[in-house]
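Those letters in the sequence shown? Residues 1 to 535, per full-length UniProt numbering, in order.
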Amino acid sequence: MRTVFVLFDSLNRGALEPYGSQSIQTPNMTRLAERAVTFDQHFVGSLPCMPARRDLHTGRLNFMHRSWGPLEPFDNSFPKLMSKAGIYTHLITDHMHYFEDGGNGYAQAFDSWEFVRGQENDPWHAIVEPRLAKLRSQFDPAHYDLPETGPATREAMSRWQWKKLRHAVNRQAIRAERDYPTVQCFERAIEFLARNRGADDWFLQLEAFDPHEPFMAPDRFKAMYPTDWQGGILDWPQYARAGGDTAQRAEIRSNYAALVTMCDDQLGRLMDTFDILDLWKDTCLIVTTDHGYLLAEHEWWGKNRMPYYSEISHIPLMVCHPDMAERAGARCTALTQTPDLMPSLLDLHGIAAPEECLGNSIWPMLRQADPDRTVLFGQFGGPLGLTDGRHLMFRYPRNVACEGLNEYTLSPQHMSSAFTIDELQGIALVPPFNFTKSVQTLRIPARRDGIRPPGLADEFDCGVRTEIFDLVQDPGQSHPVNDPALEARLLAAMMVHLHDNDAPAELHAFYGFDASPARTTVNADRPEPVARHAR
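Structure (structure tokens):
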């Protein structure tokens with residue numbers, strides 16, 4: 001069996017034609033949907049970027065125990081499990097967060113990997129004395145608060161100024177379409193497929209950071225979505241309440257649309273290669289994302305700080321399996337989420353999921369869905385999200401400042417820095433959890449000033465009460481449902497998830513839960529992996 005797993009970042013479900021988009025052109029997503037099974041009820045797990053990837057590697061939620069961070073020494077990782085079983089694994093990515101403090105271990109889990117430089121604030125293009133005045137004239141100050149004078153060093157300016165300046169500098173080296181990191185990633189994937197067309201038993205993860213902000217796309221895609229904007233480059237909103245006038249909002253959305261269409265164009269190149277090399281008959285192609293992004297819906301830009309509305313939490317998943325040609329163009333209504341992908345990928349290659357995995361393989365769900373299933377999702381210290389496929393519930397903590405929470409880890413790193421000395425002052429060694437393989441962990445009090453999402457030492461800006469939305473009757477999530485019986489049922493399901501994930505005791509109090517149900521064994525009857533498919 002051979003697998004190509006395409007992971008985009010911040011790819012909105014509603015931006016794709018197979019999911020109903022009429023404003024953004026994605027003909028190759030439509031082309032894929034005609035061959036694939038399209039999942040209509042696929043949701044996130046841990047948020048945002050790196051926590052989602054830890055879910056993907058381990059097959060279980062991690063946001064209840066720590067914030068954004070590396071793979072832990074006790075974590076199972078599906079590429080390592082594949083490698084042990086004789087499946088060659090390769091990663092091609094431009095996701096620069098893998099190479100920061102909090103991204104350690106993910107790329108290294110693969111047998112080989114390639115890193116394309118230049119995305120977002122990747123510290124790549126080296127200009128000691130950038131022309132700051134010229135850059136300030138090119139980029140709109142609403143999104144790019146660039147320094148007026150040097151030195152242009154990390155420690156000489158604020159964190160956000162540094163990020164924005166790094167991107168502005170990188171952008172000077174991206175001139176032709178072939179220079180764009182996403183284009184380079186897909187080019188390398190095409191080369192991998194041609195080079196290994198005669199081999200069997202391999203897994204390729206093709207991971208593009210786009211369409212994550214900044215929303216930078218070649219001119220030919222931008223021309224497809226014209227606006228009346230006359231200002232500077234406006235493509236990187238702060239995660240905050242939506243501001244800006246109509247022209248600004250239109251420009252930001254236009255830039256996102258252009259970038260989505262560029263991603264679609266590159267997917268088309270990959271599918272052309274499947275056609276040329278006749279890969280459809282023996283190679284599985286999977287396309288998904290980690291989370292969505294608000295483009296002023298609900299009067300918010302971005303993610304992390306606000307509730308996990310469906311625009312963020314309800315994500316695309318399309319699967320084209322060579323043994324399911326008769327299901328081409330079908331839709332699957334089974335409720336799935338990111339942690340389910342790990343056992344599904346292992347299942348494809350005939351590998352049993354480890355006992356610590358709580359995700360469920362998607363392949364049996366194609367035959368029979370569980371009508372009673374619910375899935376939990378969230379972000380460390382933020383509201384809990386839960387869905388049964390129709391209803392979306394948010395349970396807010398009593399205090400969004402993380403007071404009373406702890407981080408449990410053996411790798412004390414935040415996104416781009418180690419935990420501070422002040423954070424480590426309260427460190428303690430505590431007993432194992434049910435997924436740490438009898439290994440004790442460090443317990444580190446989650447300080448309010450910790451450099452973690454939502455805004456890197458910022459706070460959540462959510463509601464303060466439980467809210468339920470009916471995604472069928474109210475897809476825009478504007479009118480919370482008042483149904484005590486439904487609320488009780490969903491809260492009970494939420495508590496079961498906390499116990500199945502061996503959530504720390506203080507988490508129950510943090511979310512206002514007073515009682516704890518007995519732990520269930522939701523995966524006790526997990527089926528054996530399917531037989532390995534011969535090429």
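C-beta: ideal position from N, C-alpha, C; glycine also.
Opening and closing residue of the alpha helix (DSSP H) in which residue i lies
i: His499; result: 484 to 500
i: Glu311; result: 310 to 313
i: Glu100; result: Neither: Glu100 is in no alpha helix (DSSP H) and is coded neither H nor E.
i: Gln161; result: 159 to 171
i: Ile174; result: Run containing Ile174: none; DSSP gives neither H nor E here.
i: Met306; result: Per DSSP, Met306 belongs to no alpha helix (DSSP H) and is neither H nor E.
i: Gln138; result: 132 to 138
i: Arg367; result: 362 to 367
i: Leu346; result: 341 to 348
Cα-Cα separation between residue i and residue j, rounded to whole angstroms
i: Gly359; j: Lys134; result: 50 Å
i: Asp229; j: Leu366; result: Checking the sequence, you will find Trp at residue 229 rather than Asp. So the alpha carbons of these two residues sit roughly 46 Å apart.
i: Glu361; j: Pro343; result: Residue identity check: residue 361 is Ser in the sequence provided, not Glu. Between Ser361 and Pro343, the C-alpha separation is close to 5 Å.
i: Arg197; j: Gly268; result: 19 Å
i: Arg208; j: Ala485; result: Position check: residue 208 holds Ala in this sequence, whereas Arg was assumed. About 43 Å.
i: Glu129; j: Leu165; result: 12 Å
i: Asn399; j: Arg241; result: 20 Å
i: Asp514; j: Thr441; result: 26 Å
i: Cys263; j: Ile174; result: 16 Å
i: Gly512; j: Ala428; result: 25 Å
i: Asp265; j: Asn28; result: 7 Å
i: residue 544; j: Thr289; result: Outside the shown range of the chain, which is 1 to 535, sits residue 544, and nothing can be said about it.
i: Asp275; j: Ala217; result: 26 Å
i: Tyr225; j: Asn255; result: 8 Å
i: Ser137; j: Thr420; result: 37 Å
i: Val375; j: Arg305; result: 21 Å
i: Ala334; j: Asp370; result: 7 Å
i: Leu384; j: Asn406; result: 16 Å
i: Gly150; j: Arg249; result: 31 Å
i: Pro364; j: Ala488; result: 29 Å
i: Lys437; j: Pro431; result: 11 Å
i: His298; j: Asp470; result: 16 Å
i: Met96; j: Cys185; result: 13 Å
i: Gly382; j: Phe74; result: 25 Å
CB contact flag (residue i, residue j, <8 Å)
i: Thr387; j: Phe63; result: no
i: Trp68; j: Pro453; result: yes
i: Asp340; j: Phe435; result: no
i: Asp101; j: Gln119; result: no
i: Thr444; j: Ser417; result: The sequence shown places Ile at residue 444, not Thr. Result no, Cβ atoms of Ile444 and Ser417 do not sit closer than 8 Å.
i: Pro79; j: Phe115; result: no
i: Gly105; j: Pro51; result: no
i: Val319; j: Ile286; result: yes
i: Val472; j: Arg373; result: no
i: Cys284; j: Asp40; result: no
i: Thr246; j: Ile24; result: no
i: Pro316; j: Ser10; result: no
i: Thr338; j: Met393; result: no
i: Ile468; j: Leu490; result: yes
i: Leu277; j: Ala194; result: yes
i: Leu47; j: Gln368; result: no
i: Asn76; j: Thr89; result: no
i: Gly14; j: Glu311; result: yes
i: His125; j: Asp235; result: no
i: Gly404; j: Glu251; result: no
i: Glu177; j: Val183; result: yes
i: Tyr239; j: Lys303; result: yes
Any non-hydrogen atom of the ligand MN within 7 Å of residue i CB
i: Arg305; result: As presented, the structure is devoid of all ligands, the ligand MN included, so that no description of it is given.
Limits of the beta strand (DSSP E) - the one that residue i falls within
i: Leu507; result: No beta strand (DSSP E) contains Leu507, which is instead part of the alpha helix (DSSP H) from 505 to 510.
i: Gln477; result: That residue, Gln477, is in no beta strand (DSSP E); it is neither H nor E in DSSP.
i: Ser112; result: 112 to 115
i: Gln119; result: First-last for Gln119: undefined, no H or E at that position.
i: Gln337; result: 331 to 337
i: Gly385; result: 384 to 387
i: Tyr408; result: 406 to 409
i: His391; result: 391 to 395
i: Val375; result: 375 to 378
i: Phe5; result: 2 to 8
Item to check | Within the stretch 243 to 289, ranges of the alpha helix (DSSP H) (whole runs, at least 4 residues) | outcome: 246 to 277
Checklist entry - Mind pulling the beta strand (DSSP E) runs of 3 or more residues that sit fully within the stretch 418 to 470? => result 428 to 430, 441 to 445, 467 to 470
Next on the checklist: Any contact between the stretch 1 to 20 and the stretch 194 to 213? By contact I mean 3 or more CB pairs, one from each, below 8 Å.
Outcome noted: yes
Checklist entry - What alpha helix (DSSP H) runs, 4 residues minimum, are completely inside the stretch 21 to 85? => result 27 to 35, 49 to 58, 78 to 84
Checklist entry - Do three or more CB pairs link the stretch 163 to 171 to the stretch 111 to 126 at distances below 8 Å? => result yes
Checklist entry - Unbroken alpha helix (DSSP H) runs of length 4 or more, entirely within the stretch 190 to 248: which are they? => result 219 to 222
Checklist entry - Are there three or more Cβ pairs, one per stretch, closer than 8 Å when the stretch 34 to 41 is compared with the stretch 323 to 336? => result yes
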